[in-house]
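The structure under discussion appears below in the form of structure tokens.
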Amino acid sequence: MNDPQLDPVPPLVNPHALRWITEQVRLTTPDRVVWCDGSVAERDRFQEQAVSEGILIRLDQEKLPGCYLHRSQPNDVARVEGLTYICTRSEEDAGPTNNWAEPRAMYQRLAGLCTGGMRGRTLYVVPYLMGPAGSTMARVGIELTDSLYVVLNMRIMTRMGNVAWEHLGDRDDFNRGLHCLLDINPERRLICHFPQDNTIISVGSGYGGNALLGKKCLALRIGSYLGRREGWLAEHMLILGVESPDGEKTYVAAAFPSACGKTNFAMLIPPARYKGWKIWTVGEDIAWMRPGADGRLYAINPEAGYFGVAPGTNAGTNPNAMRTIARDTLFTNVAHTPENTVWWEGHDDPPPANCTDWQGRPWTPQSGEKAAHPNSRFTAPMTNNPSLAPEAFDPEGVPISALIFGGRRASTIPLVYEAFNWVHGVYVGATMGSETTAAAAGAVGQVRRDPMAMLPFCGYNMGWYFRHWLNLRKRMKQPPRIFQVNWFRKDATGRFLWPGFGENMRVLKWIVDRCHGRVGAWETPLGWVPRTQDFDLDGLEGFSGADFETVQSINIEEWRREVLSQDELFMRIYSYLPKEMIFQRELLVARL
Ligand code: GTP
Ligand code: SPV
Ligand code: MN
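In this text, residue positions in the sequence shown follow our numbering: the first is -7, and each later residue adds one.
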């Protein structure tokens, strides 16, 4: 085209992409346009530049090779659900659980905000592929951003560069993502999705889920919309493989809400007594799943990196994560030590006598505040993970034997139970509650309904989403079994009843054995539960059969309250709720 700012245009850019990019450049009027190729040389250049611009701090390159620290604006450290919109022609398409805006009006408002929004700045063109190269499930996105931090994160989190242009070919079905930092002001912050146009416009935030458009915006909100139209699922799920000593591999996918344990579970190292057992990580945040020709459900991980919670990560809880983030990692909003390394609450190292906190202020253990933000994060390439499954690169994905739903619940929900069947399992997922965490702005620790861990991420009407789940059953000869877990049940003194982390292998073992029909269970009002003799407690110090009964206990009074609290969500979406969900509720009440 004749816009001098864009030249030279890389040869693989197709006319559809060039037309849209040209329009956005004319709207935002950056001083420069940089076409990103995703190469190592380019990354090194960008890192250098980011350090000189004060966007990144280079950490001790001997202790932490390739690692950098970034500090966000203190007002920009989490997802903002209140400022996240689904913009569809009809409000019904977005449904009662999403913020809705009329697309024309929202496009206009955003154009107002973005006009000249990159003046004096650089616009980076980031072509990226979500999913393994060559996968028919993979999708192309193009993110135009004026944040170098976003570019460097996208390079880790996605497959960036020519692989995307090649996958796209001459088609125009790429996701159009425009991201402008503006003045990083909550007053001018909007995360807007236009599923009918495969378009995302995000302004005013540089934080992960708001700004790395391939992740929550494309892979979940737009993805779930496309999935309903095309017959697949985009889910907030980890994917892992369990390998037994004789080489049997079983894959499961698990949906836990934000900051509720997906990364940890996906990278689990089995306790010592599980000799010969191995957990392989396929994905740790997002799964795209579709029924395969053989009638099983197949899953791919659309991402290439991990954007994980730092606090609580240490060699005891998640040794694989510690190895993963020992190099090539971007740390965001953690504490900075005088040794030019990083620290967070729950790190292996004791609290430093003094350091710089996530806001860049001097900190000592006496400060009485957290040194790292509770939602501080690491961004690391999945290839650093010692337990990375080779299948993470398989274009076909892996066949899923079990789907697991897990919330963060101090009471009521047992450690594990199995749903009676698919419809009941969908009900269990649909009614899941969880305590809110620091991953989203707002109050922390309040139980809210978070169906399938997708409340903030379902890009269309939640009632139709449940219907889509129910319908999928007809396309699977061998549907996965469905389970619920809860690592976070507490005793009266507020202590976790279950040791969690690596010991979650014991729960996983029961789930895998159920999938293969080789372990017993006991029928309860909730579903099938392991009897003490079905569940491996050997070598679990300080945890008795009586403790197991406590963590598995079903309190009928608590469950009556639970059903009433589930009704809150059901009432909100009542006119769209599949009748099967009402029947399941009635059956549960009757069983209780
Ligand atoms: P997102 O990236 O926000 O989607 O979160 P996630 O689901 O991947 O959560 P993650 O694995 O990062 O865990 C979040 C927090 O939960 C961390 O502070 C962990 O230390 C803690 N956690 C994870 N697994 C367990 C567990 O089994 N027991 C307990 N008590 N805490 C856990
Ligand atoms: C989550 O909040 O579920 C995350 C982090 O995985 S973010 O990418 O910011 O959404
Ligand atoms: Mn997540």
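Backbone N, C-alpha and C fix where the C-beta goes; we use that ideal spot for every residue, glycine too.
For residue i, the three-state DSSP class (helix, strand or coil)
i, result
"Gln470", "coil"
"Ala345", "coil"
"Met(-7)", "Low confidence applies to Met(-7): its pLDDT is 44, below 50, so where it sits in the model is not reliable enough to give any reading."
"Cys184", "strand"
"Glu158", "helix"
"Glu554", "helix"
"Met98", "helix"
"Lys270", "strand"
"Val143", "helix"
"Cys59", "coil"
"Asn167", "strand"
"Phe299", "strand"
"Cys106", "helix"
"Ser426", "strand"
"Pro237", "coil"
"Leu580", "helix"
"Tyr199", "coil"
Spatially closest choice to residue i from the options, by CA coordinates
i, options, result
"Arg473", "Pro366, Thr242, Trp456, Pro491", "Thr242"
"Thr316", "Ser359, Ala435, Thr348, Asn377", "Asn377"
"Leu144", "Ala296, Phe186, Leu289", "Ala296"
"Pro517", "Ala538, Gly534, Glu550", "Glu550"
"Val118", "Ala156, Gly399, Phe449", "Ala156"
"Val555", "Ile574, Ala538, Asp539, Pro570", "Ile574"
"Cys252", "Ala402, Ile546, Pro387, Leu380", "Ala402"
"Thr524", "Gly74, Glu533, Asn332, Ala538", "Ala538"
"Ala364", "Glu15, Leu170, Gly112, Pro66", "Pro66"
"Val597", "Pro344, Pro294, Glu83", "Residue coverage of the chain in this structure runs from -7 to 584, which leaves residue 597 outside it and unanswerable."
"Ala484", "Val477, Ala435, Thr542, Trp514", "Thr542"
"Arg111", "Val17, Glu337, Phe186, Gly74", "Val17"
"Leu174", "Leu105, Ser127, Ser216, His185", "Leu105"
"Ile193", "Met374, Leu19, Pro522, Asp52", "Leu19"
Spatial distance of residue i from residue j (CA atoms)
i, j, result
"Gly531", "Ala264", "9 angstroms"
"Asp526", "Lys267", "19 angstroms"
"Cys79", "His416", "32 angstroms"
"Met152", "Glu40", "19 angstroms"
"Val1", "His8", "13 angstroms"
"Pro141", "Ala291", "Just to set this straight, residue 141 is Tyr in the shown sequence, not Pro. Distance between the alpha carbons of Tyr141 and Ala291: 30 angstroms."
"Arg81", "Gly451", "13 angstroms"
"Gly239", "Ala246", "22 angstroms"
"Ala433", "Tyr77", "15 angstroms"
"Leu10", "Gly30", "18 angstroms"
"His328", "Cys347", "6 angstroms"
"Asp85", "Tyr409", "34 angstroms"
"Met122", "Met149", "9 angstroms"
"Gly607", "Ala70", "In the structure displayed, the chain extends from -7 to 584; residue 607 sits before or after that span and is not available."
"Arg353", "Ser359", "11 angstroms"
"Gln351", "His62", "10 angstroms"
"Ile261", "Ile271", "7 angstroms"
"Arg552", "Ile183", "38 angstroms"
Assumed close pair residue i, residue j - CB separation to whole angstroms, cut-off 8 angstroms
i, j, result
"Phe370", "Gly300", "5 angstroms"
"Gly206", "Glu135", "7 angstroms"
"Leu601", "Asn154", "In this structure the chain extends from -7 to 584, so residue 601 is not present and cannot be described."
"Asn169", "Arg180", "Per the sequence shown, residue 169 should be read as Gly rather than Asn. Not quite, the Cβ-Cβ distance comes to about 18 angstroms (not below 8 angstroms), so this is no contact."
"Ile503", "Val244", "7 angstroms"
"Ala435", "Thr428", "6 angstroms"
"Met146", "Leu204", "6 angstroms"
"Ala372", "Asp340", "The Cβ separation is near 17 angstroms, so there is no contact."
- At a cut of 8 angstroms, does the stretch 98 to 105 reach the stretch 230 to 249 through at least three beta carbon pairs? no
- Item | Inter-stretch contact at 8 angstroms, needing at least 3 Cβ pairs: the stretch 438 to 450 / the stretch 207 to 222 | yes
- Query: Does the pairing of the stretch 394 to 401 with the stretch 320 to 338 give three or more beta-carbon distances under 8 angstroms?
  - Reply: no
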